[in-house]
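Put into structure tokens, the structure is as follows:
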């Protein structure tokens with residue numbers, strides 16, 4: 011069965027500081043990985059996606075993520091956080107022919123001004 | 024632009040009552056999903072459908088039914104609402120990527 015672990019329920023960073031949100035996945039086979047962002051009282055919006063290829067993928071608003079097969083990880087990074095990045099971030103996995111996205115429990119990002 | 028519209032956006036229901044949550048997509052996608060969001064659990068799949076007039080169970084289907092009368096519409100039905108079904112419910116459709124609605128906040132009292 012596929013699963014995703016986001017070990018940090020809450021992360022606080024200062025505006026302008028760098029950010030890493032952690033994601034570990036479990037999937038037997040080739041995973042397709044995603045990061046979604048959820049702003050207050052909104053649905054989930056896709057930040058970036060990994061399809062097999064270059065392990066570093068770029069997303070919107072300066073976000074990027076790096077896939078590591080050896081570590082079963084897909085961590086999200088940003089060089090300089092903005093106050094508008096305050097949101098909940100979800101990591102998700104699905105298989106190549108899979109229909110189902112499996113989500114982690116989410117990480118709440120708080121930005122100190 | 025791809026769109027998934029949920030109605031209502033919020034609802035208060037009485038324990039034991041029937042609740043229907045509606046979802047409409049204009050994406051022409053085959054796959055549609057209902058997820059439930061609870062604090063500490065992320066999103067969990069309740070039901071999904073890949074063609075009209077057919078639905079499939081997800082990971083947590085107990086207490087829920089689904090209906091897909093057309094490609095565009097997908098409903099989630101709680102025949103006997105319970106307190107434990109208080110949550111935020113998201114509908115989604117999938118083409119090359121998944122698009123989510125804005126959610127329905129359901130409170131069962």
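Residue numbers (the numbering used here), protein chains in the order written: chain A, 11 to 123; chain B, 24 to 132.
Glycine residues also receive a C-beta, built at the ideal position from the N, C-alpha and C atoms.
With a threshold of 8 Å between beta-carbons, can residue i be considered close to chain B, or not?
i, result
"residue 54 (chain A)", "yes"
"residue 86 (chain A)", "no"
"residue 34 (chain A)", "no"
From the beta carbon of residue i, is the nearest beta carbon of chain A less than 8 Å away?
i, result
"residue 131 (chain B)", "no"
"residue 47 (chain B)", "no"
"residue 74 (chain B)", "no"
"residue 118 (chain B)", "no"
"residue 138 (chain B)", "No answer is possible for residue 138 (chain B): it lies beyond the span of chain B, which begins at 24 and ends at 132."
"residue 71 (chain B)", "yes"
"residue 121 (chain B)", "yes"
"residue 34 (chain B)", "no"
"residue 125 (chain B)", "yes"
Nearest to residue i by alpha carbon, out of the options?
i, options, result
"residue 52 (chain A)", "B:126, B:132, B:131, B:130", "B:126"
"residue 57 (chain A)", "A:32, A:48, A:69, A:38", "A:69"
"residue 198 (chain B)", "B:118, B:52, B:80, B:50", "Chain B is shown only over 24 to 132; residue 198 (chain B) falls outside these bounds and no answer can be derived."
"residue 27 (chain B)", "B:132, B:98, B:103", "B:98"
"residue 131 (chain B)", "B:92, B:94, B:42", "B:42"
"residue 75 (chain B)", "B:65, B:69, B:95", "B:95"
"residue 25 (chain A)", "A:114, A:115, A:94", "A:94"
"residue 111 (chain A)", "B:128, B:117, B:47", "B:117"
"residue 108 (chain B)", "B:91, B:77, B:60", "B:60"
"residue 73 (chain B)", "B:53, B:63, B:84", "B:53"
"residue 47 (chain B)", "B:120, B:34, B:90", "B:90"
"residue 89 (chain A)", "A:13, A:29, A:37, A:66", "A:29"
"residue 113 (chain B)", "A:65, A:54, A:32", "A:54"
Cβ contact check for the segment 21-28 of chain A and the segment 112-120 of chain A: 3 or more pairs under 8 Å:
yes
With 7 Å as the C-beta to C-beta threshold (strictly closer), list the residues of the segment 97-119 of chain A near chain B in chain order.
100, 109, 110, 111, 113, 114, 115, 116
Listed in chain order, which residues of the segment 44-74 of chain A have Cβ atoms closer than 9 Å to some Cβ of chain B?
44, 46, 48, 51, 52, 53, 54, 55, 56, 59
Are there three or more Cβ pairs, one per stretch, closer than 8 Å when the segment 92-111 of chain B is compared with the segment 97-113 of chain A?
no
Name, going along the chain, the residues of the segment 95-108 of chain B whose beta-carbon falls closer than 8 Å to a beta-carbon of chain A.
none
I want to know whether the segment 31-43 of chain A touches the segment 89-102 of chain A - three or more CB-CB distances under 8 Å.
yes
Chain A contacts from the segment 38-69 of chain B (Cβ-Cβ distance under 7 Å):
54, 63, 64, 65, 66, 68
What are the start and end residues of each continuous beta strand (DSSP E) run of 3 or more residues lying completely inside the segment 23-82 of chain A, in chain order?
29-31, 34-36, 41-48, 54-60, 66-68, 74-78
Are there three or more Cβ pairs, one per stretch, closer than 8 Å when the segment 38-53 of chain B is compared with the segment 64-79 of chain A?
no
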